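Undergrad: For what it's worth, this note's numbering labels the leading residue of the sequence shown as 157, then goes sequentially.
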Amino acid sequence: MRRNQSMVNNFLLLGFSNLPGLEGLFFFVFLTIYLLTLTGNSLIIMVTLTDQTLHSPMYFFLRNLSFLEICYTSITIPKMLENLLSKDKTISFFGCAFQMSLFLITGAAECYILAGMAYDRYVAICQPLHYTLIMSSRVCYELVAASWLVGVPVQLSQTFLVFTSYFCNSNVINHFFCDIPPMVNLVCGDISINELVAQVEVALLAVIPFALVLMSYVCIGSTILKIPSVEGRRKAFSTCSSHLMVVVVFYGSGMTVYLKPKSSHSLDMDKFLSLFYTILPPFINPLIYSLRNKEVRVALGKVLLTLHSQETNGHRKNEHSKTLGDIPTH
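1. I believe Asn166 touches Phe249 by the beta-carbon criterion, under 8 Å. Please report the beta-carbon distance rounded to the nearest angstrom.
2. Just grab the DSSP bridge partners of Thr246 for me.
3. Any idea if His486 is buried or exposed, counting beta-carbon neighbours within 10 angstroms, 16 or more meaning buried?
4. Alpha carbon to alpha carbon, how far is Ser372 from Val310?
5. In chain order, which continuous runs of the beta strand (DSSP E) of length 3 or greater are located wholly inside the segment 231-299?
6. Considering only DSSP beta bridges, list what Ile336 is partnered with.
7. Is the beta carbon of Leu199 sitting closer than 8 Å to the one on Pro442?
8. Classify Asp276: buried if its beta carbon has 16 or more other beta carbons within 10 angstroms, exposed otherwise.
9. CB Ser269 to CB Ser293, shorter than 8 Å?
10. Asn197 and Pro437 - do their beta-carbons sit closer together than 8 Å?
11. Measure the C-alpha to C-alpha separation of Ala253 and Gly263 and round it to an integer number of angstroms.
12. Please list the terminal residues of the continuous alpha helix (DSSP H) segment that includes Ala367.
13. Report, in whole angstroms, the separation of the C-beta atoms of Val454 and Ser446, which I expect to be a contact under 8 Å.
14. Quick one: which unbroken alpha helix (DSSP H) runs of 4-plus residues sit fully inside the segment 189-228? Chain order, please.
15. Does the separation of the CB atoms of Val343 and Ser326 fall below 8 Å?
16. Please return the same chain residues whose Cβ sits closer than 6 Å to the Cβ of Cys324, not counting the five positions on each side in sequence.
17. So, at 7 Å on beta carbons, what are the nonlocal neighbours of Asn220 in its own chain, with the 5 sequence-adjacent residues on each side left out?
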């Protein structure tokens with residue numbers, strides 16, 4: 157079998173080359189979404205850093221989530237945009253391995269940061285008297301650090317297994333980035349170890365944090381229902397509704413690809429479905445938090461007003477300097 161197997165030096169990312177007439181439109185749409193994603197998440201980071209009223213654990217996690225979303229999209233979208241315009245759609249062997257490992261690590265980090273945010277809401281609603289003691293700065297930093305590090309061993313193991321395999325005389329990836337399903341599809345021979353590691357990966361890095369989120373919201377829901385006043389229940393629910401929407405979008409879009417039965421797997425369909433978990437959550441998260449969260453809306457308004465005032469003052473100073481420059485001197 158070794159004669160029919162080969163190691164490759166680079167891979168060809170097909171992307172959307174099967175739709176050549178639409179590549180220009182795809183480039184414009186994805187570039188617009190990417191720029192809006194960077195802008196929206198950067199504004200969230202700026203607002204939560206500059207406004208003193210948002211210096212709480214809830215917004216600390218939101219700030220880290222926004223930073224993670226910037227990293228998450230920047231791993232895949234720039235290369236996709238390059239391939240949409242270029243005839244050369246290759247990616248180096250090590251570049252592909254690097255892209256896949258970073259994508260998997262940031263995806264796992266997002267799962268656990270969302271779980272950390274759910275735990276924060278659980279403590280705030282179910283144990284409000286102990287909130288400041290439990291959610292100390294040290295605990296918040298430790299939770300975020302653990303979120304980034306927990307997926308590294310498993311994800312690097314998965315990447316190592318895939319890229320030390322033999323590929324069946326093919327380097328063509330039917331996808332717009334180096335993801336697990338299309339890469340494993342190229343591997344020759346027995347892939348049972350890859351599948352085992354993938355199952356461990358899903359259990360540790362997706363199922364467990366999702367279960368933690370569900371447990372948190374079961375407790376939150378039970379506590380909210382015990383609140384006597386309608387207004388109190390509404391306020392309690394509003395503090396976690398944005399996060400709940402983000403969880404539904406992220407996990408719902410990811411599960412459509414990774415938890416589908418093997419018999420229904422289609423690489424072309426997976427390629428389009430993967431747009432929903434690589435592009436959609438980072439794009440709409442800032443919209444969800446800015447539209448549904450009053451504190452963020454107010455803080456964002458202050459930042460935009462400050463920026464506008466600075467721009468206006470700068471323009472007036474320039475006009476004043478020009479006016480003084482036009483006065484004749486003797």
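All C-beta atoms, glycine included, are put in the ideal place defined by N, C-alpha and C.
Bear in mind that the values here come from a model prediction, so they are computed numbers and not experimental data.
TA: Judging by the given coordinates:
1. With 8 Å as the limit, Asn166 and Phe249 qualify as a contact, their Cβ atoms being about 6 Å apart.
2. Beta-bridge pairing links Thr246 to Leu168.
3. Reliability fails at His486, whose pLDDT of 48 lies under 50, so the model's placement of it is uncertain and no value is given.
4. Going from the Cα of Ser372 to the Cα of Val310 covers about 25 Å.
5. Complete beta strand (DSSP E) runs here, min 3: 246-248.
6. Bridge partners of Ile336: none, in fact.
7. Going by C-beta atoms, Leu199 is nearer than 8 Å to Pro442.
8. Buried is the label assigned to Asp276, since at least 16 other Cβ atoms lie within 10 Å of its Cβ.
9. Checking the displayed sequence, the identity of residue 269 turns out to be Ile instead of Ser. No. Outside cutoff.
10. No. Outside cutoff.
11. If you take the alpha carbons of Ala253 and Gly263, they lie about 15 Å apart.
12. Per DSSP, the continuous alpha helix (DSSP H) segment holding Ala367 begins and ends at 364-381.
13. Cβ-Cβ separation between Val454 and Ser446: approximately 10 Å, too far for a contact (criterion under 8 Å).
14. Listed in chain order, nothing qualifies, since the segment 189-228 has no complete alpha helix (DSSP H) run of 4 or more residues.
15. The Cβ-Cβ distance between Val343 and Ser326 does not fall below 8 Å.
16. Within its own chain, the residues whose Cβ lies closer than 6 Å to the Cβ of Cys324, once the five positions on either side in sequence are excluded, are Cys344, listed in chain order.
17. Around Asn220: Ile269, Val300.
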